[in-house]
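If you count by our numbering, then the sequence shown holds residues 97 to 178, one letter each, in order.
Don't be surprised by glycine CBs; every beta carbon is placed ideally from N, CA and C.
The model shown is predicted, which means the values in this text are computed figures rather than measured ones.
What follows is a single structure, written as structure tokens, with notes after it.
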Amino acid sequence: MARRIAHGESLRSAVAVGAASAMLSFVPLAVLMLLPLFGAVPAPVAGVLTPWAVMGLGVPAAFGFGAALSYRRARRTGGRRF
Numbered sequence: 097m098a099r100r101i102a103h104g105e106s107l108r109s110a111v112a113v114g115a116a117s118a119m120l121s122f123v124p125l126a127v128l129m130l131l132p133l134f135g136a137v138p139a140p141v142a143g144v145l146t147p148w149a150v151m152g153l154g155v156p157a158a159f160g161f162g163a164a165l166s167y168r169r170a171r172r173t174g175g176r177r178f
């Protein structure tokens, strides 16, 4: 029973950290998205830095990466947060 509780706590914590990671990644991704407007960027790179590609792939990637790292750390430490 304690293992199930620890597992659920790890999952909830991972989702919270993933959401925080996604929110914190918004500003750097916005700067990356606006880079072709204000700087000299090669054409192939500018084609990849479209708003749909940067925000559509970057924010979910930040969520997944943050959640995965948090979950892995919580499981490795046995559910202890600190």
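- Assignment of alpha helix (DSSP H) within the region 135-164, counting only whole runs of 4 or more residues, yields 139-144 in chain order.
- Taking LEU128 as the centre and dropping the five residues before and after it, the same chain places the C-beta of LEU145, VAL150, GLY154 closer than 8 Å to its C-beta, in chain order.
- Bounds of the alpha helix (DSSP H) holding MET119 are 98-120.
- Of the candidates GLY162, THR173, ARG171, the residue whose Cα lies closest to the Cα of ALA112 is GLY162.
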